[in-house]
Each structure stands twice: as C-alpha cells, then as structure tokens.
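Notes follow the structure.
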Amino acid sequence: EVQLVETGGGLIQPGGSLRLSCAASGLTVSSNYMSWVRQAPGRGLEWISVLYSDGTTFYADSVRGRFTISRDTSKNTLYLQMNSLRAEDTAIYYCARTTVVTPVFDYWGQGTLVTVSS
Amino acid sequence: QSALTQPRSVSGSPGQSVTISCTGTSSDIGGYDSVSWYQQHPGKAPKVIIYGVTKRPSGVPDRFSGSKSDNTASLTISGLQAEDEADYYCCSYGGTNTYVVFGGGTKLTVL
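Heads up: the protein sequence lines correspond to chains A and B, in order.
If you're matching positions, the first sequence starts at 2 in the numbering used here and goes up one per residue.
If you're matching positions, the second sequence starts at 952 in the numbering used here and goes up one per residue.
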C-alpha cells in the first residue's frame, strides 16, 4: 500500500523559510515523478513543482526562484525548501506521486498546513 | 485566476445526471489528451477519478465518465448519489513550460 506523509508545516513570518518533508512507503521516491500541489484556504488546487526520476525539476511561476524540490534516496523522502515566504503562500501542501506519460496525481498525502503571517 | 475555467457550482437530485465543464485553450486541453479529474471531500486529499480524458482508475464507479471536445473537457456523473457531493477539479497537461494547470473547482451539491 502506498503511503505519503507530509510534515514540516507551521506558522512562519513573512520572509522566512520552511522545509516540508514527504516520507513515502510502498513506492520508491527516486524511481517516480513526485510533485507538490498546494491549496490555499477555501481555494482550488495549484501545482507548484515536480521532480522527475532523472532529477529534472519544474516549478510554477509563482514559486520559481524561491522554492526548491529535492529528495533523499536513503530516506525515501521528498522535500520542498521554501524561502522568502509570502502571505499568499499560506496553504495546505500536498505531495503526490505523478504518472509519467500523461501527468496524473494518483497518490496523495494528507497534506501539511503552512501559514505565513506576522 | 485559474488557467482552466469551471462553473463554481452545480447541483442535482439523487439519481439524476450532472455535467461539469472545464474550458481551457489549445495550449492545454485542446493540445493533449491529458485531462484528469479529481474529487475532493471536505478535509480530505483529492482523489483521481478520471485520467487520460476518459479512463477510470480501478475502483471508481462507471457512473463517472469524461469526455473532451476541442478546448473543453467534461465530467459527467450519472445516477447521482449523496456521497458524490464534493468539490471537483479538472487538470490538464500544459506543455513543458507550464507542466500542469488546474481548474478553479466546482462544488457539486446533491439536493
């Protein structure tokens, strides 16, 4: 059974940094495409980043240059390093396994809430 | 403003059918057979119910069906049931520059 568990969310001041983790079981992070998708309170879904199995990364315009996606093979964990946080980054952050041929998010974690506020 | 346009809400009575539209452009929906739909119940993570425009993952009832015409995709739910009440999001591949785009979501109310 595939399980994705996100941790690392919390309250952070504008301009601050936070690192989210997504621990996986039942799948190998380094062999899969893995994404981060966020959802602001009461709002819709927004894809923000993907990490391919070959190490290629893509980012949404809204986070490019501030967020970095990475993984630790030994820990089978996906990360999202978030710098220069803004109020508009407040959201639930989900990690999701992403299929290769036609991007589909087929396994999701339960999400972790990031609140950016002074 | 979301890249894909969905109606904010739709409703239907048990047993009826409803269709949710999702309008994009030739750069996303119209350019690829890569539309997926997600169902999200309150407080829960999204769940994929349609992928590749028309395909259903294992375990998703055949009451859910997808289609596409030009730049518009549609999700049809037939034989509405109370548990179908949820938010629904469309999603499309948008090319290497955009990767994927989501719709703004549609709240389905089962009357």
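We put the beta carbon where it would ideally sit given N, CA and C, even for glycine.
How many angstroms separate the CA atom of residue i from the CA atom of residue j?
| i | j | result |
| --- | --- | --- |
| GLY1056 (chain B) | GLY1017 (chain B) | 16 angstroms |
| THR1060 (chain B) | LYS1006 (chain B) | 24 angstroms |
| TYR983 (chain B) | VAL105 (chain A) | 13 angstroms |
| VAL115 (chain A) | THR1047 (chain B) | 28 angstroms |
| GLN957 (chain B) | THR970 (chain B) | 11 angstroms |
| TYR34 (chain A) | ARG959 (chain B) | 31 angstroms |
| LEU1063 (chain B) | SER85 (chain A) | The structure shown does not extend to residue 1063 (chain B), since chain B spans only 952 to 1062, so no value can be given for it. |
| ARG39 (chain A) | GLU47 (chain A) | 5 angstroms |
| CYS1042 (chain B) | GLN14 (chain A) | 32 angstroms |
| SER1103 (chain B) | ALA41 (chain A) | Here chain B has residues from 952 to 1062 only, and residue 1103 (chain B) is not among them. |
| LEU1031 (chain B) | TYR1040 (chain B) | 17 angstroms |
| GLY43 (chain A) | GLN967 (chain B) | 27 angstroms |
| SER36 (chain A) | ASP1013 (chain B) | 28 angstroms |
| GLY27 (chain A) | VAL986 (chain B) | 26 angstroms |
| ILE49 (chain A) | GLY1003 (chain B) | 21 angstroms |
| PHE1015 (chain B) | ILE1000 (chain B) | 7 angstroms |
| ILE93 (chain A) | THR1027 (chain B) | 28 angstroms |
| ASP73 (chain A) | THR91 (chain A) | 25 angstroms |
| THR78 (chain A) | SER962 (chain B) | 40 angstroms |
For the beta strand (DSSP E) containing residue i, name the first residue and the last one.
| i | result |
| --- | --- |
| VAL986 (chain B) | 986-991 |
| ASP55 (chain A) | First-last for ASP55 (chain A): undefined, no H or E at that position. |
| ASP1038 (chain B) | 1037-1046 |
| LYS1058 (chain B) | 1057-1061 |
| THR20 (chain A) | A small correction: the amino acid at residue 20 (chain A) is Arg; Thr does not occupy that position in the sequence shown. ARG20 (chain A) -> beta strand (DSSP E) spans 19-26. |
| ALA954 (chain B) | Counting along the chain, ALA954 (chain B) falls outside any beta strand (DSSP E), and DSSP gives it neither H nor E. |
| GLN82 (chain A) | 78-83 |
| GLY11 (chain A) | 11-13 |
| THR116 (chain A) | 113-117 |
| VAL38 (chain A) | 34-40 |
| ARG98 (chain A) | 92-99 |
For residue i and residue j, which I take to be in contact (beta-carbon distance under 8 angstroms), what is that distance rounded to the nearest angstrom?
| i | j | result |
| --- | --- | --- |
| CYS973 (chain B) | ALA1024 (chain B) | 4 angstroms |
| TYR60 (chain A) | PHE68 (chain A) | 6 angstroms |
| GLY1054 (chain B) | ASP1021 (chain B) | GLY1054 (chain B) to ASP1021 (chain B), Cβ: 16 angstroms. No contact. |
| ALA954 (chain B) | GLY975 (chain B) | 7 angstroms |
| GLY1045 (chain B) | SER978 (chain B) | 6 angstroms |
| CYS23 (chain A) | VAL6 (chain A) | 7 angstroms |
(message) Runs of 3 residues minimum, wholly inside the region 975-1032 of chain B: which ones carry the beta strand (DSSP E) assignment?
(response) 986-991, 998-1001, 1015-1020 and 1023-1028
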